[in-house]
Amino acid sequence: MQSVNSEASSAAANAADAVLDIREVSVLYSGKPAVKKVSCQILRNCITAIIGPSGCGKSTLLRSLNRMNDFVDGVSLEGNILFSDQNLYGRDIDPVEVRRRIGMVFQKPNPFPKSIYNNIAWGPQINGFDGSTDELVERSLTQAALWDEVKDRLHESALNLSGGQQ
């Protein structure tokens, strides 16, 4: 069933209401397209749903909006994604600042394709943490009741953790 909100439809005509403007975006994994020439606007103060079957590229597109695909080897993007009229992939754009402004919450845990240690340390480090990273990682894992399970695997990929551990 499809529902069309006439206010949202008329707002779509007004580019000033677009917080994100996705223009002809294709996302490729090692040169193979996963998302092909998507164009749409995400409007201010409107709910937007991205719906499709498993494996059609929904998460890949969403990760492109805050440059999370930068962490995945072999991923490239064609087209433009504008946030407040700035190209998120422009040369003068700091990807860390993009991620500060455009966050994501996933339904399931989604660790970075990095080590367990780096997954925990990354957020504090990019925000200027200047304490002992080793102590931070141990304290965080202890608080999550995971230290004893993973203390000997800190430099293994976080993707190897079970769903519950992630």
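Quick note: the sequence shown uses the numbering used here, first residue -10, plus one each step. The beta-carbon is built from N, C-alpha and C at its ideal position, and this holds for glycine as well. Computed from a predicted structure; not experimentally measured.
Item to check | Distance between residue 26 and residue 123 (C-alpha atoms, nearest Å) | outcome: Counting from 1 along the sequence shown, the entry for residue 123 is found at position 134. Counting from 1 along the sequence shown, the entry for residue 26 is found at position 37. Their Cα atoms are separated by approximately 43 Å.
Checklist entry - Going by the CB atoms, is the gap between residue 92 and residue 12 shorter than 7 Å? => result If you number the sequence shown from 1, residue 12 lands on position 23. If you number the sequence shown from 1, residue 92 lands on position 103. Not in contact: residue 12 and residue 92 (Cβ atoms no closer than 7 Å).
Next on the checklist: Short of 6 Å in beta carbon distance, which residues of its chain neighbour residue 8, apart from the five on each side in sequence? Order them along the chain.
Outcome noted: Against the sequence shown, residue 8 aligns to sequence position 19. Here the set comprises 31 and 33.
Next on the checklist: Based on DSSP bridge pairs, tell me the residues matched to residue 155.
Outcome noted: Within the sequence shown, the letter at position 166 stands for residue 155. Partner(s): none; residue 155 has no beta bridge.
Item to check | Other residues of its chain near residue 37: CB distance less than 6 Å, five sequence neighbours each side excluded | outcome: Locating residue 37 in the sequence shown gives position 48, where the first residue counts as 1. Closer than 6 Å at the Cβ level, and outside the excluded window around residue 37, lie 31.
Checklist entry - What does DSSP give as the partner residues of residue 21 in its beta bridges? => result What you label residue 21 is simply residue 32 of the sequence shown in a count that begins at 1. Its beta-bridge partners are 18.
Item to check | Rounded C-alpha distance that separates residue 78 from residue 21 | outcome: Locating residue 78 in the sequence shown gives position 89, where the first residue counts as 1. Locating residue 21 in the sequence shown gives position 32, where the first residue counts as 1. When rounded, the distance between both Cα atoms is 20 Å.
Item to check | 3-residue-minimum beta strand (DSSP E) runs that sit fully inside the segment 27 to 111, ordered along the chain | outcome: Given a length threshold of 3 residues, each whole run of the beta strand (DSSP E) inside the segment 27 to 111 is given here in chain order: 64 to 72.
Next on the checklist: Once the 5 residues before and after residue 145 are set aside, which same chain residues still bring their CB inside 7 Å of it?
Outcome noted: Within the sequence shown, numbered from 1, the residue matching residue 145 stands at position 156. So the qualifying residues of the chain are 104 and 105.
Checklist entry - With respect to the alpha helix (DSSP H) encompassing residue 156, which residues constitute its N-terminal and C-terminal limits? => result Residue 156 is absent from the model: the chain starts at -10 and stops at 155.
Next on the checklist: Does residue 49 pass the burial test, meaning 16 or more other C-beta atoms within 10 Å, or should it be called exposed?
Outcome noted: By 1-based counting over the sequence shown, the position of residue 49 is 60. Counting Cβ neighbours within 10 Å, residue 49 comes out buried, since at least 16 surround it.
Item to check | Cutoff 7 Å; reference residue 102; Cβ partners in own chain excluding five residues on either side | outcome: On the sequence shown, position 113 is the one that residue 102 refers to. For residue 102, where only same-chain residues beyond five positions count, the Cβ hits under 7 Å are 60, 61, 146 and 148.
Checklist entry - Which word fits residue 90, buried or exposed, when buried means at least 16 other C-beta atoms lie within 10 angstroms of its C-beta? => result In the sequence shown, residue 90 corresponds to position 101, counting from 1. Classification for residue 90: exposed.
Checklist entry - Between residue 55 and residue 94, is the Cβ-Cβ spacing less than 7 Å? => result Stepping through the sequence shown from its first residue, residue 55 is reached at position 66. Stepping through the sequence shown from its first residue, residue 94 is reached at position 105. No, these two residues do not count as a Cβ contact at 7 Å.
Item to check | Own chain partners of residue 136 with C-beta closer than 8 Å, once the 5 adjacent residues on each side are dropped | outcome: Along the sequence shown, read from residue 1 onward, the residue named residue 136 stands at position 147. 127 and 130.
Checklist entry - Looking only at C-alpha atoms, which of 83, 152 and 18 sits nearest to residue 46? => result Position 57 of the sequence shown, counting from 1, holds the residue named residue 46. Of the candidates 83, 152 and 18, the residue whose Cα lies closest to the Cα of residue 46 is 18.
Item to check | Closest by C-alpha distance to residue 63, when choosing among 85, 44 and 23 | outcome: Within the sequence shown, the letter at position 74 stands for residue 63. Ranking 85, 44 and 23 by Cα distance to residue 63 puts 23 first.
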